[in-house]
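Down below is the structure, laid out as structure tokens.
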């Protein structure tokens, strides 16, 4: 029953010091972390067997689902979720140490669009006239700031990026909403649960459901299937099917194991109703320490 | 019964040659179009009385809802929808005319993140190694390309941007999915329908619903209220409430007028069930010509 004595290869949405890196290191401290440039490349790395697992962001408490993750898992991959990780998101305003003193002189602010959106009010009221530029990640924005000495630009990024790129934290915790977590999926080719069972373990199962006909009546039927069984949905969200405005599939998280008889019965009925059911499997939730 | 003889001031998500500009010009050819830098600024311009109307994107057939529009309308404004406009989205790969011949040499590709996502497969298979940089809009990316002569960069943008910035279209229609429309809201302080009644007019009403307790049971109840009345929902989508992962509000589009007795009765029952109902009003749908 001993663990295999080799490191797992784990793809994550890079670069180093990204929020995804922090989540990956939290759950897999002793494995081999390999940064990839994009979410599709992380997913393809698992599909093609280059790595055993991939960690990608799937939902943020403020911004909602990460469309690229949801859509790629639905349309382009046959992977399963083996675990989910929740991480608290704290954003800071970082500048090159050379400009640690002159707060007024910020010429441009770089970050991932989600991070800029999460700090929208702070930036609007404190740096309203300053141009905001979208960047591929918060960590890449921090790296750019570390490399730019001829003008004072700032990045919105996490503490780990400030450390890694040796930046000055001009303002701590500039995110508008106090409560902000991001949820990450750990993806695998195998439909298994990640090994360690967390405290107060509650299993969760994610289905992607495509309804047979019109949205309103069919969604009502689908929810009836869950409701009379008292199966608790912790999430239901629609995503466009890419076949036209008004055509959706639904991502549902159910607080139950797909091997439980009640959930098995629900799936059988959903299929009988004409739904397409794509299961991403059953998994546990892990929380990274602050 | 004559129209007032002055131009309406209409804010739109700029810059000129953006997809929002095309939608705005399509519905209001003879009015005063004023570009704003961001969606919140467009909405605030109406709230503060600087303009009569604002046109902002609300949903794309591929990318889904525009979170900033939905969230700002829910959390920060008391505006109504007076019309919606549907526009077909066609993306092209544009380069400076100076580089019209050397296809291999593209060093970097700029565009709005949604446009890059819409052309993800084309870019992955044809320009896989080329860095993609998010930009504030497709038109701003086109402008950047027009101003950059020392290296060959490209923009993903529409035909109008190619014309305005005098760029070479290296490749037409590079979007991955053939069917791609964007839906725009025309916002006003007044809860009225835009004047001209379109052909085959079908009224639509948008509600933002906050459920009283747990998602699964409450959503089932809400849908029951619409289902037995045969009120047709053309859309239901969840957005995070920003109070924690798992707390959502729902945007619903109902194909009915909120003055109809059936819809009035539904709203009364929703309130009795403990739902918070925020109406964005009833409006008609317009389609811009291709």
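Chains as they are written, first to last, in the numbering used here: chain U, 738 to 1027; chain F, 738 to 1027. We put the beta carbon where it would ideally sit given N, CA and C, even for glycine.
Just checking my contact of residue i with residue j at CB under 8 Å: how many whole Å lie between their CB atoms?
{"i": "residue 761 of chain U", "j": "residue 767 of chain U", "result": "Not quite, the Cβ-Cβ distance comes to about 12 Å (not below 8 Å), so this is no contact."}
{"i": "residue 796 of chain U", "j": "residue 803 of chain U", "result": "7 Å"}
{"i": "residue 973 of chain F", "j": "residue 961 of chain U", "result": "Not a contact, Cβ separation roughly 15 Å."}
{"i": "residue 692 of chain U", "j": "residue 923 of chain U", "result": "No answer is possible for residue 692 of chain U: it lies beyond the span of chain U, which begins at 738 and ends at 1027."}
{"i": "residue 831 of chain F", "j": "residue 894 of chain F", "result": "6 Å"}
Are the C-beta of residue i and some C-beta of chain F separated by less than 8 Å?
{"i": "residue 864 of chain U", "result": "no"}
{"i": "residue 914 of chain U", "result": "yes"}
{"i": "residue 1018 of chain U", "result": "no"}
{"i": "residue 806 of chain U", "result": "no"}
{"i": "residue 982 of chain U", "result": "yes"}
{"i": "residue 976 of chain U", "result": "yes"}
{"i": "residue 926 of chain U", "result": "no"}
{"i": "residue 911 of chain U", "result": "no"}
{"i": "residue 871 of chain U", "result": "yes"}
{"i": "residue 931 of chain U", "result": "no"}
{"i": "residue 850 of chain U", "result": "yes"}
{"i": "residue 767 of chain U", "result": "no"}
{"i": "residue 979 of chain U", "result": "yes"}
Output the boundary residues of the alpha helix (DSSP H) element that contains residue i.
{"i": "residue 884 of chain F", "result": "875-884"}
{"i": "residue 763 of chain U", "result": "756-764"}
{"i": "residue 750 of chain F", "result": "Run containing residue 750 of chain F: none in the alpha helix (DSSP H); it sits in the beta strand (DSSP E), 746-750."}
{"i": "residue 811 of chain F", "result": "804-812"}
{"i": "residue 1008 of chain U", "result": "998-1009"}
{"i": "residue 900 of chain F", "result": "896-901"}
{"i": "residue 852 of chain F", "result": "850-855"}
At least one CB of chain U closer than 8 Å to the CB of residue i: is that the case?
{"i": "residue 961 of chain F", "result": "yes"}
{"i": "residue 964 of chain F", "result": "yes"}
{"i": "residue 800 of chain F", "result": "yes"}
{"i": "residue 874 of chain F", "result": "no"}
{"i": "residue 796 of chain F", "result": "yes"}
{"i": "residue 684 of chain F", "result": "The structure shown does not extend to residue 684 of chain F, since chain F is modelled only from 738 through 1027, so no value can be given for it."}
{"i": "residue 854 of chain F", "result": "yes"}
{"i": "residue 973 of chain F", "result": "yes"}
{"i": "residue 954 of chain F", "result": "yes"}
{"i": "residue 825 of chain F", "result": "no"}
{"i": "residue 1001 of chain F", "result": "no"}
{"i": "residue 772 of chain F", "result": "no"}
{"i": "residue 920 of chain F", "result": "yes"}
{"i": "residue 812 of chain F", "result": "no"}
{"i": "residue 941 of chain F", "result": "no"}
{"i": "residue 1015 of chain F", "result": "no"}
{"i": "residue 957 of chain F", "result": "yes"}
{"i": "residue 740 of chain F", "result": "The predicted model places residue 740 of chain F with a pLDDT of 45, which falls under 50 and marks its position as unreliable, so this point remains unresolved."}
Closest to residue i by CA distance: which of the options is it?
{"i": "residue 827 of chain F", "options": "F:911, F:804, F:926 and F:1025", "result": "F:911"}
{"i": "residue 886 of chain U", "options": "U:749, U:1019, U:833 and U:958", "result": "U:833"}
{"i": "residue 986 of chain F", "options": "F:978, F:993 and F:992", "result": "F:978"}
{"i": "residue 1032 of chain U", "options": "U:1007, U:950 and U:816", "result": "Any answer about residue 1032 of chain U is impossible in this case: the structure gives chain U only from 738 up to 1027."}
{"i": "residue 914 of chain F", "options": "F:842, F:934, F:965 and F:857", "result": "F:857"}
{"i": "residue 799 of chain U", "options": "F:842, F:1015 and F:805", "result": "F:805"}
{"i": "residue 1019 of chain F", "options": "F:751, F:965, F:997 and F:883", "result": "F:997"}
{"i": "residue 970 of chain F", "options": "F:949, F:753 and F:945", "result": "F:945"}
{"i": "residue 844 of chain F", "options": "F:854, F:860 and F:793", "result": "F:860"}
What does the Cβ neighbour count give for residue i, buried or exposed, with the cut at 16 atoms within 10 Å?
{"i": "residue 777 of chain F", "result": "buried"}
{"i": "residue 1001 of chain U", "result": "exposed"}
{"i": "residue 1012 of chain U", "result": "buried"}
{"i": "residue 875 of chain U", "result": "buried"}
{"i": "residue 872 of chain U", "result": "buried"}
{"i": "residue 709 of chain U", "result": "Chain U is shown from 738 up to 1027; residue 709 of chain U falls before or after that span and cannot be answered."}
{"i": "residue 812 of chain F", "result": "exposed"}
{"i": "residue 890 of chain F", "result": "buried"}
{"i": "residue 939 of chain U", "result": "exposed"}
{"i": "residue 773 of chain U", "result": "buried"}
{"i": "residue 862 of chain F", "result": "exposed"}
{"i": "residue 920 of chain F", "result": "buried"}
{"i": "residue 741 of chain F", "result": "Here residue 741 of chain F scores only 48 on pLDDT, less than 50, and its place in the model is too uncertain to base an answer on."}
{"i": "residue 851 of chain U", "result": "buried"}
{"i": "residue 757 of chain F", "result": "buried"}
I need the boundaries of the beta strand (DSSP E) containing residue i, first residue and last residue.
{"i": "residue 915 of chain U", "result": "Note, residue 915 of chain U: premise wrong, no beta strand (DSSP E); not H, not E."}
{"i": "residue 1046 of chain U", "result": "As displayed, chain U neither begins before 738 nor continues past 1027, which places residue 1046 of chain U out of reach and without an answer."}
{"i": "residue 771 of chain F", "result": "769-773"}
{"i": "residue 780 of chain U", "result": "Unbroken run through residue 780 of chain U is the alpha helix (DSSP H), 776-784; no beta strand (DSSP E)."}
{"i": "residue 842 of chain U", "result": "No beta strand (DSSP E) holds residue 842 of chain U; DSSP gives it neither H nor E."}
{"i": "residue 791 of chain U", "result": "790-797"}
{"i": "residue 927 of chain F", "result": "Here residue 927 of chain F belongs to no beta strand (DSSP E), and DSSP marks it neither H nor E."}
{"i": "residue 941 of chain F", "result": "941-947"}
{"i": "residue 1029 of chain F", "result": "This structure cannot speak to residue 1029 of chain F, because chain F is shown only from 738 to 1027."}
With a threshold of 7 Å (Cβ to nearest heavy atom), would residue i be considered close to the ligand HEM?
{"i": "residue 959 of chain F", "result": "This structure lacks the ligand HEM; in fact it carries no ligand of any kind."}
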